[in-house]
Structures are given as C-alpha cells and as structure tokens.
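See structure below.
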Amino acid sequence: METIRKINAGEKFTHATVGDLSAFTGKQFVKDCIGTTGCEISFGTLNPGEAVPFFHSHKENEEVYIVLRGSGDFQVDNTAFPIAEGSIVRVATHCNRSLRCTSATSMLYLCIQVKEGSLEQCTMDDAEITEQATAWK
C-alpha cells in the first residue's frame, strides 16, 4: 500500500506524494501530511466487487467524489446511479452515501470534504494576477 509522504515544505506550501497511483490501494487521508485548514482530501480504492462497508452521513461537511479509475455504483439515500472514470459526484449534508466497484479493475477515487456553504470567494473572485519570475529551468 502506498502511503502519503511529505517531500518538502516551505513557509507557504507543502509538497507530498502518494506515489504511483496505479499501485495505490486502501484509503489515505491527506490533511495531516500537508496541513490543510479548509478541507479534507482522501484517496480511496475499492477492489472489483467491493463496496464501502457502511453508509455514512455528515452533519456539516459536503463531499465531492472524483473517480480516477474504474467504475461502479454510487448511492445517495435511496437513489443509486452508475459512476465511471471521470465522474464527479457532490453529496450534501444530512444524507446517506456509499459506493461500490463493479469494474474488472479496482476503482480509485478522491474524496474532498469541506464545510457546506463555506465557499465565499472562488477562482477569479479570489485570484490576483501577479508578476513573478519562474524558478524552474
């Protein structure tokens, strides 16, 4: 199983890796390694025929699931639907959710968890174009 490991860090950044995504298995949370303060991110895998062994709900946090490899089914409360590589699913608070892998290969997905309704500025509203010389060669 690949584990998230810190590569380097500076005053204003942390750089980490999960390694080779094709070899990644299990579930790994990113927050503690890189020190996020506004979201939790996890990498997860499900083997063929495997499902998350429980349903769960969040009181304050919405989740966004991004399928990077494989396919399966996602269920929110009593609604189930197919998901596949490239699928993006947002799940609100106060509802049950789970997923399973139905593909012949394992499913790899990202889950991003953040407080529902907390995004006040985004993309161009929060960005400033700046002058900076490139440091790469």
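Here the sequence shown is numbered in UniProt numbering, starting from 1 and rising by one per residue. C-beta atoms are modelled at their ideal positions from N, C-alpha and C, and glycine is treated no differently.
Taking just the CA atoms, how far does residue j sit from residue i?
{"i": "K59", "j": "H94", "result": "6 Å"}
{"i": "I34", "j": "T102", "result": "32 Å"}
{"i": "F54", "j": "P48", "result": "17 Å"}
{"i": "D32", "j": "A16", "result": "11 Å"}
{"i": "G10", "j": "A92", "result": "34 Å"}
{"i": "L119", "j": "D126", "result": "11 Å"}
{"i": "L108", "j": "E131", "result": "38 Å"}
{"i": "A80", "j": "V114", "result": "23 Å"}
{"i": "N78", "j": "M124", "result": "37 Å"}
{"i": "Q121", "j": "F13", "result": "20 Å"}
Based on Cα-Cα distance, which residue from the options lies nearest to residue i?
{"i": "R97", "options": "V30, K27, I4 and E62", "result": "E62"}
{"i": "G38", "options": "A127, I112 and V76", "result": "I112"}
{"i": "F24", "options": "L110, E128, T130 and A133", "result": "L110"}
{"i": "E116", "options": "E40, A84, S106 and Q132", "result": "E40"}
{"i": "S22", "options": "A133, S57, Q121 and S106", "result": "S106"}
Going by the CB atoms, is the gap between residue j and residue i shorter than 9 Å?
{"i": "G70", "j": "P82", "result": "no"}
{"i": "A51", "j": "R100", "result": "yes"}
{"i": "V18", "j": "T3", "result": "yes"}
{"i": "V89", "j": "Y65", "result": "yes"}
If residue i and residue j are in contact, beta carbons under 8 Å, what's the gap, nearest whole angstrom?
{"i": "G44", "j": "V67", "result": "Their Cβ separation, rounded to whole angstroms, is 10 Å, which puts G44 and V67 out of contact at 8 Å."}
What residues in its chain sit with their C-beta under 6 Å from that of residue i, if we drop five residues either side in the sequence?
{"i": "Q75", "result": "S98"}
{"i": "K6", "result": "A16 and C33"}
Can you find the residues in the same chain that come closer than 8 Å, C-beta to C-beta, to residue i, ignoring five residues on each side of it along the sequence?
{"i": "K27", "result": "S42, F43, G44 and T45"}
For residue i, which residues from the same chain have a beta carbon less than 7 Å from its beta carbon, with the 5 sequence-adjacent residues on both sides left out?
{"i": "N8", "result": "H15"}
{"i": "A104", "result": "P48"}
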